[in-house]
Ligand code: UD1
Ligand code: UDP
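Shown next as C-alpha cells:
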C-alpha cells in the first residue's frame with residue numbers, strides 16, 4: 433500500500449513532481465505514482481519518467497484527450513477506482529490541469545486528504561480552465577504548498593487557513609538544479625542540431641494555451657511576428673496540439689517556408705534546458721517555461737494577456753505582449769538590442785531556491801498523514817464567520833497562539849500594508865495591525881471588545 437500516491441497527467445506535472453518524489457524516497461517514505469495519461473505521447477510523458485528516473489507508475493488511467501468535462505470526469509471515475517484499491521494515506525498532485533482537479537475531487541470525496549503542490553497561483557481569468565481548476569483544488573486540499581509569497585497571500589485572501597499553507601518555493605527550480613550540469617553539456621550539440629551558430633542571435637518559441645490555439649486571429653499574429661523577426665534564428669518545439677491547429681488554420685505551410693525558423697518535436701527536459709541555455713530570449717505562453725527563464729536568466733516574452741506569475745513582471749524577467757504581432761516583435765527586439773542585450777540578472781529568484789522538494793518531503797514525512805483527513809467539526813453556534821479585527825486594547829502584545837487559545841479562534845492572516853501574510857504562532861501582535869480571524873460570532877465579538885473596538 434502506498435502511503436503517498438501521486439497523480440500525474442501532463443508534462444509539467446511530471447517535471448514538477450519529480451523533486452518531491454526523489455526527496456520522499458530519500459527519506460525512506462513510501463511513494464507511488466498513478467499516470468493519469470492526459471498526455472500520452474512519448475515526448476509529453478514517458479520521456480520525463482525516464483530522464484528523472486521515476487518509479488514505474490502503479491497504474492495508467494489512460495484518460496487521454498477530450499473535452500474539459502470528459503477529462504475531468506474520466507479522471508475522477510478512474511482515480512476513484514485506483515484510490516479504492518490502494519487506499520493511500522494521502523493523494524498528491526501538482527498544478528492546475530484537468531488531471532489534478534479530477535484526482536483531487538475523487539480523493540477528498542473518499543475521505544482521502546489531497547496535497548496540492550504549486551498552490552495559490554491566480555490569473556483572475558475565469559476563461560482559463562486552469563484558473564477554475566487551481567481554485568477548486570486549493571480549496572479542497574488538506575495542504576497547499578505555495579511556491580511564492582504572493583501565492584500564499586492569494587490563499588489567505590480566499591480564507592484558507594494558514595495551517596493548511598506551507599511556503600515552499602517552486603519545485604521547478606529544484607528540477608532545473610538537478611538537471612543543469614548535464615543540460616549544460618548538451619547545449620553546443622543541440623544548437624548545432626537545430627542549425628544555430630554560436631554567434632547567431634536566437635530565440636525559443638513555444639505556444640500551447642487554448643487562448644492562443646483557439647483563435648485563428650491570435651495564431652496569425654504570432655506567425656506574423658515570427659515572419660517579421662527574420663534576423664533571429666527561431667526554434668519552435670511544437671506541441672502536437674499546436675501543430676494540428678496551425679494545420680487546420682492553414683498556417684503551418686507558410687511557417688515551414690521561413691528560413692530562419694526551425695519547427696521541431698517537443699524536446700525532453702535535458703535537451704529543452706540545454707536549448708534555453710543557448711538562446712538569447714524565449715517567447716512563450718507556458719507557465720513552467722516562464723519560471724525556468726527567470727531562473728536561468730533568459731529574458732521572457734509572455735504571449736498572454738495576463739499571467740498567474742506576476743513575479744515575472746515584478747522582477748523585470750518578462751514582458752506581457754498578448755498575441756499582438758507588433759508588441760511581440762517590439763518586446764523581442766528590446767531584449768535583443770536594448771541595454772541588457774539579452775542578459776538578465778535575477779538577484780533573488782522569486783520562484784524559489786531549489787529546496788522546495790525538501791520542504792515538502794520534510795513536512796509530509798513528519799506529519800501524521802491520517803490527521804489530515806477531512807473531519808466534521810462541532811460548532812456551538814452552528815457555523816463560524818470571518819472578521820477583520822484591528823489589534824488594540826488587551827489584545828496588543830499577545831502572540832497569535834495566545835489569541836487563538838484564549839478566544840478559540842483562528843488567525844487567518846495578518847495584513848502588512850496591502851499584503852496578507854501568514855501569521856506565525858509565536859508572533860506578537862502590534863497595536864494597529866489588522867488581523868483576519870475565523871471563529872464563532874460570539875467569540876469574535878469578545879475579541880473585538882478586548883481589542884477596544886466599539
Ligand atoms: C494541458 C493543461 C495545461 C498545461 C498543458 C501542459 C488542462 C486544462 N490544460 O493542456 O494547463 O499547460 O497540459 O502541456 O488540463 N495531444 C496530443 N498528444 C498528447 C496529449 C495531447 O497530441 O499526448 C493533443 C490532443 O489533440 C489534445 C490536445 O493535444 O486534444 C490538447 O491536450 P490536453 O491535454 O487536453 O491539453 P493541453 O493543451 O496539453
Ligand atoms: N518542456 C520540455 N520540452 C519542450 C517544451 C517544454 O521539456 O519541448 C518543459 C519545460 O521545460 C517546462 C514544462 O515542459 O518545464 C512546461 O510545460 P508546458 O509548457 O507544456 O506547460 P505549462 O507549464 O504551461 O503548464
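In the working numbering, the protein residues as written are 433 to 886. Every residue, glycine too, gets a C-beta built ideally from N, C-alpha and C. Keep in mind the model is a prediction, meaning the values are calculated, not measured.
When DSSP builds the beta bridges, which residues end up paired with residue i?
i	result
residue 405	Residue 405 lies beyond the stretch modelled for the chain, which goes from 433 to 886, so this question has no answer here.
residue 767	Paired residue(s): none; residue 767 is not in a bridge.
residue 546	523
residue 635	666, 713
residue 869	819, 843
residue 694	667
residue 831	860
residue 848	851
Could you pull the start and end residues of the alpha helix (DSSP H) that residue i belongs to?
i	result
residue 680	672-680
residue 788	788-798
residue 541	530-541
residue 776	No alpha helix (DSSP H) contains residue 776, which DSSP labels as neither H nor E.
residue 688	684-688
First and last residue of the beta strand (DSSP E) that includes residue i?
i	result
residue 571	Element bounds for residue 571: not the beta strand (DSSP E) but the alpha helix (DSSP H), 561-572.
residue 822	817-822
residue 851	851-853
residue 576	575-578
Just how far apart, CA to CA, sit residue i and residue j?
i	j	result
residue 424	residue 853	In the structure as shown, the chain starts at 433 and stops at 886, and residue 424 therefore has no counterpart that could be examined.
residue 575	residue 864	31 Å
residue 582	residue 552	8 Å
residue 697	residue 475	8 Å
residue 840	residue 493	44 Å
residue 754	residue 737	5 Å
residue 776	residue 795	34 Å
residue 672	residue 812	56 Å
residue 601	residue 549	10 Å
residue 723	residue 604	8 Å
residue 517	residue 528	25 Å
residue 686	residue 652	11 Å
residue 547	residue 741	21 Å
residue 718	residue 541	31 Å
residue 631	residue 756	29 Å
residue 441	residue 467	6 Å
residue 781	residue 881	43 Å
residue 609	residue 728	10 Å
residue 646	residue 809	45 Å
residue 535	residue 501	13 Å
residue 471	residue 875	50 Å
residue 584	residue 556	15 Å
residue 433	residue 515	Because residue 433 carries a pLDDT of 42, less than 50, the predicted location of this residue cannot be relied on, and the following value inherits that uncertainty. Going by the C-alpha atoms only, they are around 10 Å apart.
residue 599	residue 791	9 Å
residue 799	residue 793	10 Å
residue 676	residue 499	16 Å
residue 579	residue 789	11 Å
Considering only residues of the same chain and omitting the five flanking positions on each side of residue i, which have a CB-CB separation below 6 Å?
i	result
residue 667	626, 636, 694
residue 871	816, 841
residue 530	503, 504
residue 857	832, 833
residue 684	678
residue 589	852
residue 699	669
residue 554	586, 740
residue 885	none
residue 491	466, 514
residue 628	634, 665
In chain order, what residues of the same chain have a beta carbon less than 8 Å from the beta carbon of residue i, not counting five sequence neighbours either side?
i	result
residue 435	461, 462, 463, 520, 521, 522, 801
residue 878	839
residue 805	543, 544, 545, 574
residue 688	695
residue 855	594, 832, 843, 844, 845, 846, 867
residue 761	657, 660, 661
Ordered along the chain, which non-local residues of its own chain (more than five positions away) have a Cβ less than 7 Å from that of residue i?
i	result
residue 564	558
residue 607	447, 448, 450, 451
residue 411	Here the chain has residues from 433 to 886 only, and residue 411 is not among them.
residue 701	447, 480, 483, 611
residue 618	702, 703, 706
Taking only beta-carbon atoms, is residue i less than 9 Å away from chain D?
i	result
residue 546	Given the protein chain composition of this structure (a single chain), no chain D is represented.
Practice task
Could you tell me which uninterrupted beta strand (DSSP E) segments, each at least 3 residues in length, are contained entirely in the segment 721-753, listed from first to last along the chain?
Solution key: Segments of the beta strand (DSSP E) lying fully in the segment 721-753: 732-734, 750-752.
Problem - Minimum length 3: unbroken beta strand (DSSP E) runs contained in the segment 583-662 - result: For the segment 583-662, the continuous beta strand (DSSP E) assignments of 3+ residues that do not extend past its boundaries occur at 597-599, 634-638, in sequence order.
Exercise for the section: At 4 residues or longer, and completely inside the segment 441-502: list those alpha helix (DSSP H) runs for me, N to C. Expected result: Taking only runs of at least 4 residues, the alpha helix (DSSP H) segments lying wholly in the segment 441-502 are 443-458, 478-483.
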